[in-house]
Amino acid sequence: MGALIFLVVVGVGLIACGIAFFRGHLRGGLVYQTIFSSGMYSLIPLGLACINISLMAIFPYPHFIGIVLIYTTGVFLLVVIVFSIVMPKMLDPWWLRLLKEKYPNTSLSYFYQEAAKDYIQWVDRTQTIEEMEKWAEEVINKR
61 MGALIFLVVV GVGLIACGIA FFRGHLRGGL VYQTIFSSGM YSLIPLGLAC INISLMAIFP
121 YPHFIGIVLI YTTGVFLLVV IVFSIVMPKM LDPWWLRLLK EKYPNTSLSY FYQEAAKDYI
181 QWVDRTQTIE EMEKWAEEVI NKR
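Following this note's numbering from start to finish, the sequence shown increments by one per residue and tops out at 203.
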């Protein structure tokens, strides 16, 4: 029973992190360009898969709900793999969409490098769209 509760807690935590990423709060995952950067896009389906796996113990295989849970978990895990490879543009956080749309001629890696120099200050300075645009103009002018 403890493992089931643990999976539910992990699933809810992953969903919360995924929502925070899409709302633009977890910027470090993309700014620092680690091996986990592409995984940021798949946090919500991975959390849903964890919750489904824990529910499978309550509703075993022959039960109709158990069969539905098996197939939906498979779909969620497939979505995790696809989102980790493709990184869909429609799921980009607001600040990344803004940089891609307003400054298509400037490399995103240049913006990432500038943001990573003082990440905490960058997050504090770019809470709104206007602040992000002002920061991007400063970076472009500095170049």
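All C-beta atoms, glycine included, are put in the ideal place defined by N, C-alpha and C.
Just so you know, these numbers come straight off a predicted model, no measurement behind them.
About 19 Å separates the Cβ atoms of Trp155 and Arg203, ruling out a contact at the 8 Å cut-off.
Gly134 counts as exposed, since fewer than 16 other beta carbons sit within 10 angstroms of its beta carbon. Under the DSSP assignment, Tyr121 falls outside any alpha helix (DSSP H); it carries neither an H nor an E label.
Under the 10 Å beta carbon count, Leu67 is surrounded by 16 or more other beta carbons and is classified as buried.
Rounded to whole angstroms, the Cβ separation of Pro153 and Gly84 is 4 Å, and the two are in contact under 8 Å. Within a 10 Å sphere around the beta-carbon of Val140 sit 16 or more other beta-carbons, which makes this residue buried.
It is roughly 10 Å from the alpha-carbon of Gly99 to the alpha-carbon of Leu106. The C-beta separation of Phe171 from Leu158 comes to about 10 Å, leaving the pair out of contact by the 8 Å criterion.
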